[in-house]
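Numbering (the numbering used here) for the sequence shown: 36 to 358.
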Amino acid sequence: MDFETKVDELRQAGKPFVLATVIRVERPTSAKPGAKAVVTADGTLTGWVGGSCTEPTVRREAAKALQDGEPRLLRLCAPEKMALGSQEGVIEVALTCVSGGTLEIYIEPQLSEPQLIVIGHQATAEALATIGKAVGYNVTVLGHEITPAQFPAADRLIDELDYSHLRFTPQTAVVVTSHGNYDEEALEIALQSEAGYVALVASGKRADEVLANLRGAGLPEESLSRLRSPAGLDLGGHTPGEIALSVLAEILQFRHQNQTGLPEAETAAELGLGEALDPVCGMTVDIATSALMSSHQGHTYHFCSAGCKHRFEEHPETYRMEG
Numbered sequence: 036m037d038f039e040t041k042v043d044e045l046r047q048a049g050k051p052f053v054l055a056t057v058i059r060v061e062r063p064t065s066a067k068p069g070a071k072a073v074v075t076a077d078g079t080l081t082g083w084v085g086g087s088c089t090e091p092t093v094r095r096e097a098a099k100a101l102q103d104g105e106p107r108l109l110r111l112c113a114p115e116k117m118a119l120g121s122q123e124g125v126i127e128v129a130l131t132c133v134s135g136g137t138l139e140i141y142i143e144p145q146l147s148e149p150q151l152i153v154i155g156h157q158a159t160a161e162a163l164a165t166i167g168k169a170v171g172y173n174v175t176v177l178g179h180e181i182t183p184a185q186f187p188a189a190d191r192l193i194d195e196l197d198y199s200h201l202r203f204t205p206q207t208a209v210v211v212t213s214h215g216n217y218d219e220e221a222l223e224i225a226l227q228s229e230a231g232y233v234a235l236v237a238s239g240k241r242a243d244e245v246l247a248n249l250r251g252a253g254l255p256e257e258s259l260s261r262l263r264s265p266a267g268l269d270l271g272g273h274t275p276g277e278i279a280l281s282v283l284a285e286i287l288q289f290r291h292q293n294q295t296g297l298p299e300a301e302t303a304a305e306l307g308l309g310e311a312l313d314p315v316c317g318m319t320v321d322i323a324t325s326a327l328m329s330s331h332q333g334h335t336y337h338f339c340s341a342g343c344k345h346r347f348e349e350h351p352e353t354y355r356m357e358g
């Protein structure tokens with residue numbers, strides 16, 4: 036799959052990714068200014084921004100950018116070309132396997148806007164759409180004969196019960212508040228989707244009835260266990276606006292609690308994310324694709340190049356290694 040096709044696919048699916056663009060080079064280097072790659076959340080890189088020495092660093096910084104939402108500028112160069120002292124806004128990485136060349140790569144996260152899907156057509160649905168938009172969600176409302184005048188804050192209205200128009204991602208929150216009109220059919224679809232949060236606004240008795248109906252329709256317990264009902268944090272409110280506020284509070288709580296950070300390195304050699312640290316040059320190496328490795332005192336070390344591996348094996352005691 037080529038670069039443009041991958042970007043279009045990710046945008047259509049609403050999935051976050053990173054654009055990596057080469058903005059400057061000092062030869063010799065295989066990449067050219069304007070070269071691009073896209074990096075997905077699982078570390079897959081499509082495109083070209085340099086060879087095997089460059090890609091692990093780009094993957095690592097892309098993963099960080101997806102988590103903190105901040106762009107960054109990478110400068111990859113030979114150790115002797117590194118600037119004295121840190122440069123604001125620039126992350127410098129020494130690459131001993133680059134033959135004197137330098138690459139500057141701009142890492143730009145493309146984060147999908149969190150989506151709120153409200154299924155319903157009454158007052159609670161109206162309040163959910165208004166508050167959801169106010170706290171930064173892209174709001175879609177699906178309901179029977181709904182109108183723009185009724186939902187002025189919504190980004191998208193679907194005024195028929197056609198669920199094929201909905202798109203679900205892990206960043207999607209779905210709230211069903213149809214007051215018994217089409218709870219089951221909406222939840223049957225939402226609970227089997229990728230949506231990260233699915234809730235039903237209903238009384239406890241009605242929620243039990245809905246769950247029984249869905250169970251009778253053959254939905255697995257794994258899917259049913261995802262349903263949040265009663266929906267929302269217990270704020271003591273009873274009006275449609277108060278209920279909507281409590282539901283959005285729970286959605287925000289869920290969203291922030293499920294933002295995971297980078298895994299901590301258990302040792303200096305194991306960085307997580309399928310990477311290891313080259314003890315010679317300090318580069319990160321993709322463990323899955325690297326065939327260059329060596330063992331010393333019970334530890335396995337991975338290398339970015341044959342040169343680093345050779346240097347290590349000649350004098351392993353020279354290099355500081357932590358276990």
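Just so it is clear, CB atoms sit at the ideal spot from N, CA and C, and this is done for glycine as well.
- The beta carbons of Val176 and Ile140 sit no closer together than 8 angstroms.
- For Arg263, the secondary structure class from DSSP, reduced to helix, strand or coil, is strand.
- Contact between the segment 175-192 and the segment 82-90 is absent, with fewer than three C-beta pairs closer than 8 angstroms.
- For Ala98, the secondary structure class from DSSP, reduced to helix, strand or coil, is helix.
- DSSP, reduced to helix, strand and coil, places Thr212 outside both helices and strands of the structure shown, so it counts as coil.
- Under the three-state reduction of DSSP, His156 is assigned to coil, being neither helix nor strand.
- Annotation: Glu349 is outside any beta strand (DSSP E); the continuous alpha helix (DSSP H) that includes it extends over 341-349.
- Residue range 137-145 is occupied by the beta strand (DSSP E) that includes Ile140.
- Just measuring C-alpha positions, the residue of Pro351, Val282, Glu220 sitting nearest Leu249 is Glu220.
- For Asp103, the secondary structure class from DSSP, reduced to helix, strand or coil, is helix.
- In chain order, Val153, Val176, Gly178, Thr212 place their CB closer than 7 angstroms to the CB of Ala160, counting only its own chain and leaving out the 5 sequence neighbours on each side.
- One Cα belongs to Glu257, the other to Tyr336, and the distance between them is close to 41 angstroms.
- Closest by C-alpha distance to Leu108, out of Gln102, Thr81, Leu138, is Leu138.
- Annotated three-state conformation of His200 is helix, per DSSP.
- Here Arg250 carries a helix assignment [DSSP, helix/strand/coil].
- Taking C-beta atoms as the reference points, Leu151 and Val128 fail to come closer than 8 angstroms.
- Gln206 has no beta-bridge partner at all, per DSSP.
- Comparing alpha carbon positions, the residue from Leu287, Cys343, Thr353 closest to Val170 is Leu287.
- Your pair Val282 and Leu163 checks out as a contact, with CB atoms roughly 6 angstroms apart and the cut at 8 angstroms.
- Between the segment 330-344 and the segment 98-113 there are fewer than three inter-stretch CB-CB distances shorter than 8 angstroms, so the stretches are not counted as touching.
- A distance below 8 angstroms separates the beta carbons of Ala242 and Pro265.
- DSSP places Gly276 in the uninterrupted alpha helix (DSSP H) bounded by 275-292.
- Counting every other CB atom within 10 Å of its CB across the protein chains shown gives Leu262 a total of 16 or more, marking it as buried.
- By the Cβ neighbour-count rule, Val73 is buried, with 16 or more other Cβ atoms within 10 Å of its own.
- Less than 8 angstroms separates the beta-carbon of Phe289 from that of Tyr232.
- For Arg191, the enclosing beta strand (DSSP E) stretches over residues 191-193.
- Taking 8 angstroms as the upper bound for CB-CB distance, Ile278 and Gly267 are in contact here, some 6 angstroms apart.
- Around the Cβ of Gly124, a 10 Å sphere holds fewer than 16 other Cβ atoms; the residue is exposed.
- Looking at the backbone, the Cα of Ala237 and that of Pro255 are separated by about 21 angstroms.
- When secondary structure is reduced to three states using DSSP, Thr89 falls in the coil class, being assigned neither helix nor strand.
- Bridge partners of Ile126 according to DSSP: Leu109.
- Gly82 is bridged by DSSP to Ala72.
- In summary, Lys344 is buried, with 16 or more beta-carbon neighbours lying within 10 Å of its beta-carbon over all protein chains present.
- The Cβ atoms of Pro51 and Ala76 lie closer than 8 angstroms to each other.
- DSSP, reduced to helix, strand and coil, places Arg46 within a helical segment of the structure shown.
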